[in-house]
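Undergrad: First, the structure itself, so that you have it in front of you.
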Amino acid sequence: MTEADEILIEQYIQGAVATEEMEAFKQRLTKEVALAEAYENSLAAHAFIKEAGRMELKETLESFENKKNATKVRQLPKRRVSLVAASLLLCLGIYFMSDYFGSKSPEQVYESYFEMYAAPSTLRGDAAEETPYWDAAVAAYANGNYQEALSHFERAESTIPIDKVEFYKSLCHLQLEDRYLPTTLLTLKKISNGNSDYREQALWYYALGSLKNGNTQEALPTLERIVKNKGYRYLEASKILEIKLKN
41 MTEADEILIE
51 QYIQGAVATE
61 EMEAFKQRLT
71 KEVALAEAYE
81 NSLAAHAFIK
91 EAGRMELKET
101 LESFENKKNA
111 TKVRQLPKRR
121 VSLVAASLLL
131 CLGIYFMSDY
141 FGSKSPEQVY
151 ESYFEMYAAP
161 STLRGDAAEE
171 TPYWDAAVAA
181 YANGNYQEAL
191 SHFERAESTI
201 PIDKVEFYKS
211 LCHLQLEDRY
221 LPTTLLTLKK
231 ISNGNSDYRE
241 QALWYYALGS
251 LKNGNTQEAL
261 PTLERIVKNK
271 GYRYLEASKI
281 LEIKLKN
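So the number in the numbering used here is just where the residue sits in the sequence shown, counting from 1, plus 40.
As structure tokens, then:
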């Protein structure tokens, strides 16, 4: 048995051997007793370490030493055990690193799914019902000038439903990254719990805003509610629920 054979055994067990080399190795197993014995020992080591799971390496090796006596497994050279353990630890490391880097922060999810709601319509009527502030707000909103839109929404005429005004003001605040996020979330939650025509939309933006604020304890149940009721953007909500969020 050479060091190259030990490495070959580990590669064979992990399926990292080319087809031609694999066939040659199988032939050697039928002819070389020492190689076959080493292969069986390595299989036993892999099986036990896998069963041990996340036990610390020292405990794993001590447990293996005790278990081999009960199961009549041949004693393995320390070098082979170390090689197997190192290989498995590397696999575990790769798994946890990929698991971590494959996840997203709540803020990243917000950035991925946030889209501004369509601009409302302007009103058309007689001179007594003109709404210049509302019309100016709508025009600025449609052009992406959210700070300007916000200032006009705040002076919108009383003929415009208050929940409609508050909904669009909240979206402007979300887009502006300003200090009013906590107040904005309270407003969206209030609209979502009322009888407004915008209650479903407000609930969706409340969930996204909660993610932006890092509050997954509010965001996740809200997204589940949207999916359960098949509310506005429920398909997107279900996709977010499948994402592994970073703490």
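We treat Cβ as the ideally placed atom computed from N, Cα and C, and that holds for glycine.
Applying the 10 Å Cβ sphere with the 16-neighbour rule, what's the burial state of LEU211?
TA: Locating residue 211 in the sequence shown gives position 171, where the first residue counts as 1. Buried, by the Cβ-count rule.
Undergrad: Assign LYS268 to one of three DSSP states: helix, strand, or coil.
TA: Locating residue 268 in the sequence shown gives position 228, where the first residue counts as 1. Note: LYS268 maps to helix in three-state DSSP.
Undergrad: Mind checking which residues open and close the alpha helix (DSSP H) that includes TYR173?
TA: Within the sequence shown, numbered from 1, the residue matching residue 173 stands at position 133. Counting along the chain, the alpha helix (DSSP H) containing TYR173 begins and ends at 172-182.
Undergrad: When we look at the beta-carbon of THR223 and count the other beta-carbons within 10 Å, is it buried (16 or more) or exposed?
TA: Counting from one through the sequence shown, the residue named residue 223 turns up at place 183. It is exposed - the Cβ of THR223 has fewer than 16 other Cβ atoms within 10 Å.
Undergrad: If you draw a straight line from the alpha carbon of PRO261 to that of ALA277, how long is it in whole angstroms?
TA: If you number the sequence shown from 1, residue 261 lands on position 221. If you number the sequence shown from 1, residue 277 lands on position 237. Approximately 11 Å, taken between the alpha carbons.
Undergrad: Helix, strand or coil for LYS279, going by three-state DSSP, please let me know.
TA: On the sequence shown, residue 279 is found 239 positions in, with the first residue counted as 1. If DSSP states are grouped into helix, strand and coil, LYS279 belongs with the helices.
Undergrad: Is the beta carbon of GLY290 less than 8 Å from the beta carbon of LEU228?
TA: Absent from the model: residue 290. The displayed extent of the chain is 41 to 287, so no value can be given.
Undergrad: Evaluate ARG226 with the Cβ neighbour count: other Cβ atoms within 10 Å of its Cβ, from every protein chain shown; 16 or more gives buried, anything less gives exposed.
TA: Reading the sequence shown from its first residue, position 186 is the one you call residue 226. In the sequence on display, residue 226 carries Leu and not Arg. Answer is exposed; the Cβ neighbour count stays below 16.
Undergrad: Near GLU206, which residues of its chain fall below 7 Å by C-beta distance, leaving aside the five closest residues on each side in sequence?
TA: Here residue 206 refers to the residue found at position 166 when the sequence shown is read from its first residue. Only THR227, ILE231 meet the Cβ criterion.
Undergrad: Near SER138, which residues of its chain fall below 7 Å by C-beta distance, leaving aside the five closest residues on each side in sequence?
TA: The sequence position of residue 138 within the sequence shown is 98, counting from 1. A caution first: SER138 carries a pLDDT of 40, below 50, which makes its placement in the model too unreliable to give a value.
Undergrad: Cα-Cα, which of GLN241, LEU75, LYS209 is closest to GLU188?
TA: On the sequence shown, position 148 is the one that residue 188 refers to. Among GLN241, LEU75, LYS209, the Cα nearest to that of GLU188 is on LYS209.
Undergrad: Quick one: what's LYS66 bridged to in DSSP?
TA: To locate residue 66, count along the sequence shown from 1; it is residue 26. Paired residue(s): none; LYS66 is not in a bridge.
Undergrad: Which two residues bound the contiguous alpha helix (DSSP H) that contains LEU291?
TA: With the chain represented from 41 up to 287, any question about residue 291 goes unanswered, as that position is not in the structure.
Undergrad: Can you tell me whether DSSP reads LYS284 as helix, strand or coil?
TA: In the sequence shown, the residue the question calls residue 284 occupies position 244. Residue state, collapsed to three classes: coil.
Undergrad: Since LYS252 sits in a beta bridge, which residues does DSSP pair it with?
TA: Indexing the sequence shown from 1 puts residue 252 at position 212. Bridge partners of LYS252: none, in fact.
Undergrad: When the distance is taken between beta carbons, is TYR246 closer than 8 Å to LEU216?
TA: Along the sequence shown, one-based indexing puts residue 216 at 176. Along the sequence shown, one-based indexing puts residue 246 at 206. Cβ distance not < 8 Å, so LEU216 and TYR246 don't count as in contact.
Undergrad: Quick one: using the 10 Å Cβ neighbour count with 16 as the cut-off for buried, is LEU275 buried or exposed?
TA: Indexing the sequence shown from 1 puts residue 275 at position 235. Counting Cβ neighbours within 10 Å, LEU275 comes out exposed, since fewer than 16 surround it.
Undergrad: Report back the beta-carbon spacing between GLU147 and LEU251 to the nearest angstrom; my notes put them in contact at under 8 Å.
TA: Within the sequence shown, residue 147 is the residue found at index 107, counting from 1. Within the sequence shown, residue 251 is the residue found at index 211, counting from 1. Confirmed, Cβ separation roughly 7 Å.
Undergrad: Which residue marks the beginning of the alpha helix (DSSP H) containing ALA189, and which one marks its end?
TA: Position 149 of the sequence shown, counted from the start, is the residue given in the question as residue 189. Residues 186-193.
Undergrad: Taking 8 Å as the cut-off, decide whether the C-beta atoms of TYR79 and ILE47 are in contact.
TA: Against the sequence shown, residue 79 aligns to sequence position 39. Against the sequence shown, residue 47 aligns to sequence position 7. No; because the gap between Cβ atoms is not below 8 Å, this pair is not in contact.
Undergrad: If you measure between the beta carbons of TYR181 and GLU197, is that distance less than 8 Å?
TA: The residue given as residue 181 occupies position 141 in the sequence shown. The residue given as residue 197 occupies position 157 in the sequence shown. No.
Undergrad: Tell me where the alpha helix (DSSP H) around ASP203 begins and ends.
TA: For the purposes of this step, residue 203 is taken as residue 163 along the sequence shown, with counting starting at 1. Unbroken alpha helix (DSSP H) run through ASP203: 202-216.
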